[in-house]
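Participant: Before I ask anything, here is the structure I am working with.
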Amino acid sequence: MDPAGVNNVMGLNIPRNEQGLIRVFSISRPPEELTNEIEENGKSSVAASLLGRDLPEGEFELFAMSDLSGVGLSGYLAEGYAVPAEQIAQHRRKLDALDGYVLLIFSKAFNGEEVILTPGPDLTLIGTFGEAQPDMRSTPIDSEAAQAYSGTPRQTPATPPKGASGSALVVIGVVVLLGLVLWGLLG
């Protein structure tokens, strides 16, 4: 299997629980024809016919490259979906040379299921891109004021005293309880 996830015999392999990927396809149909088909049937229907399966609303985009004038597809992926620059650099020429219509499919379209897509002859996979993931590492807080809340204690708590202190409390409790019982009986 190559990096784009294409198996030449079976189709496009989508692994189980895939997250955060965007697949970009070019569509080899005359733009006027596709525009008319979208107007008549809607984007969901057109995307389903191109891909051979239904896609949930909001988990794909089907649009004309002319809609991205001034930004280009590489800029749209970088700015709109935070695709890292190094990923875009590998495919920039292909992305920016596209014309007509493109289809973007997001990982959520497959509901975490393992899927083998068999795109129709009008679809060409241009690339698979990962959205930038936030850095979840934290830096230690070194200020004195934050130490009580930072989770990094600088001193160990005092060890409770050993011996009769626990027993003395039990004895005092029993004496107070007996005093209350006697006071209730005599009063």
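Residue numbering for the sequence shown follows my numbering, starting at 77 and increasing by one per position.
Glycine included, each C-beta is placed from N, C-alpha and C at the ideal position.
Note that the structure is predicted; figures quoted are calculated from it, not measured.
(1) Roughly how many angstroms separate the alpha carbons of Phe-186 and Thr-235, rounded to a whole number?
(2) Straight-line CA distance for Tyr-152 to Phe-205?
(3) Assuming Phe-101 contacts Leu-171 under a Cβ cut-off of 8 Å, what Cβ separation, rounded to an integer in Å, is found between them?
(4) By a C-beta neighbour count over all protein chains shown, 10 Å radius and 16 as the cutoff for buried, is Leu-262 buried or exposed?
(5) Thinking C-beta only, is Ala-123 closer than 7 Å to Leu-110?
(6) Can you give me the C-alpha to C-alpha distance between Ser-120 and Glu-133, rounded to a whole angstrom?
(7) Counting along the chain, where does the beta strand (DSSP E) carrying Ser-102 start and finish?
(8) Please classify Glu-190 as buried or exposed, where buried requires at least 16 neighbouring CB atoms within 10 angstroms.
(9) Quick one: what's Thr-25 bridged to in DSSP?
(10) Under DSSP, the beta strand (DSSP E) around Val-178 begins and ends at which residues?
(11) Give me whichever residues DSSP pairs with Gly-206 in a beta bridge.
Facilitator: Taking the definition as stated:
(1) As a position in the sequence shown, residue 186 is number 110, starting the count at 1. As a position in the sequence shown, residue 235 is number 159, starting the count at 1. Computed Cα separation, rounded: 55 Å.
(2) On the sequence shown, position 76 is the one that residue 152 refers to. On the sequence shown, position 129 is the one that residue 205 refers to. Spanning the two alpha carbons is a distance of roughly 12 Å.
(3) Locating residue 101 in the sequence shown gives position 25, where the first residue counts as 1. Locating residue 171 in the sequence shown gives position 95, where the first residue counts as 1. Actually they do not touch by this definition, with Cβ atoms about 12 Å apart.
(4) Start at 1 with the first residue of the sequence shown, and residue 262 comes out as number 186. Under the 10 Å beta carbon count, Leu-262 is surrounded by fewer than 16 other beta carbons and is classified as exposed.
(5) Sequence index remark: in the sequence shown, residue 110 carries index 34 (1-based). Sequence index remark: in the sequence shown, residue 123 carries index 47 (1-based). No, these two residues do not count as a Cβ contact at 7 Å.
(6) Here residue 120 refers to the residue found at position 44 of the sequence shown. Here residue 133 refers to the residue found at position 57 of the sequence shown. C-alpha separation (whole angstroms): 7 Å.
(7) The residue given as residue 102 occupies position 26 in the sequence shown. 97-103 is the extent of the beta strand (DSSP E) around Ser-102.
(8) Position 114 of the sequence shown, counted from the first residue, corresponds to residue 190. With fewer than 16 other Cβ atoms within 10 Å, it is exposed.
(9) Any property of residue 25 remains undetermined from this structure, which presents the chain solely from 77 to 263.
(10) Locating residue 178 in the sequence shown gives position 102, counting from the first residue. Unbroken beta strand (DSSP E) run through Val-178: 177-182.
(11) Here residue 206 refers to the residue found at position 130 when the sequence shown is read from its first residue. In the DSSP output, where bridge partners are listed per residue, Gly-206 has Leu-97.
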